[in-house]
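Written out below as structure tokens is the structure these notes cover.
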Amino acid sequence: MANGERTDTSPAVRTPDGETREMLVELGFDDDSLYSVRATVAAHVSTVADARTVDTMVLIAHELASNAVRHGGGTGRLRLRLADGLLHCEVSDGGTGLADPAHAGHTLPAPSLPGGRGLWIARQLSELRIFSSAAGTTITATLAF
Numbered sequence: 001m002a003n004g005e006r007t008d009t010s011p012a013v014r015t016p017d018g019e020t021r022e023m024l025v026e027l028g029f030d031d032d033s034l035y036s037v038r039a040t041v042a043a044h045v046s047t048v049a050d051a052r053t054v055d056t057m058v059l060i061a062h063e064l065a066s067n068a069v070r071h072g073g074g075t076g077r078l079r080l081r082l083a084d085g086l087l088h089c090e091v092s093d094g095g096t097g098l099a100d101p102a103h104a105g106h107t108l109p110a111p112s113l114p115g116g117r118g119l120w121i122a123r124q125l126s127e128l129r130i131f132s133s134a135a136g137t138t139i140t141a142t143l144a145f
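For the sequence shown, UniProt numbering gives the first residue as 1, with consecutive numbering after it.
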């Protein structure tokens, strides 16, 4: 999927185990489209959640997408889906991977450092799962609402 190209809401599907899943949006992004990532996430989350959840997910999505652009090769893909009352934001990139994904974002960086807070913020606001390899990183933030 090219950057800026997106697929909007699809019908909900019930999996064989009875879980209901609905893809809210999928889009590619780069540095020039980070604002549209925020606007798109806000528009889609607002159809299923309250304002606080919208604000929280917009912040998480922006931090993860910014990290993908900055550290993951300059582009990424975001998928936002709803599954049985949980909101999932998955951000993938094609970078070289995280050195230590198990510990990434667990400690707040010193105030004197200019960056390094994106994963920490996302961890404070959601349940975070990180899969990272030499082929790229996929981070999924999950919110109950």
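C-beta atoms are modelled at their ideal positions from N, C-alpha and C, and glycine is treated no differently.
Assigned secondary structure, residue i (DSSP; H/G/I helix, E/B strand, else coil)
i	result
residue 1	With a pLDDT of 43 at residue 1, under the threshold of 50, the modelled position of that residue is not reliable, and the figure given next carries that caveat. Residue state, collapsed to three classes: coil.
residue 118	helix
residue 103	coil
residue 36	helix
residue 92	strand
residue 113	coil
residue 59	helix
residue 108	coil
Cutoff 6 Å; reference residue i; Cβ partners in own chain excluding five residues on either side
i	result
residue 139	64, 91 and 130
residue 69	31
residue 97	132, 133, 134 and 137
residue 128	122 and 141
With 16 other Cβ atoms within 10 Å as the buried cut-off, status of residue i
i	result
residue 93	buried
residue 118	buried
residue 56	buried
residue 112	exposed
residue 103	exposed
residue 52	exposed
Neighbourhood of residue i by C-beta distance below 7 Å, restricted to the same chain and skipping five residues each side
i	result
residue 81	21, 22, 23, 24 and 88
residue 73	93, 94 and 95
Cutoff 8 Å: residue i Cβ touching any chain C Cβ
i	result
residue 123	The chain labelled as chain C is not found in the depicted structure, where only one protein chain is given.
Cut-off 8 Å between Cβ atoms - residues of its own chain near residue i, not counting five sequence neighbours on either side
i	result
residue 109	115, 116, 117 and 120
residue 50	145
residue 34	62, 65, 66 and 69
residue 107	120
residue 161	Outside the displayed span of the chain (1 to 145) sits residue 161, for which this structure offers no information.
Residues that residue i bridges to, as DSSP identifies them
i	result
residue 128	141
residue 83	21 and 86
residue 50	Residue 50 is not bridged to any residue.
residue 133	136
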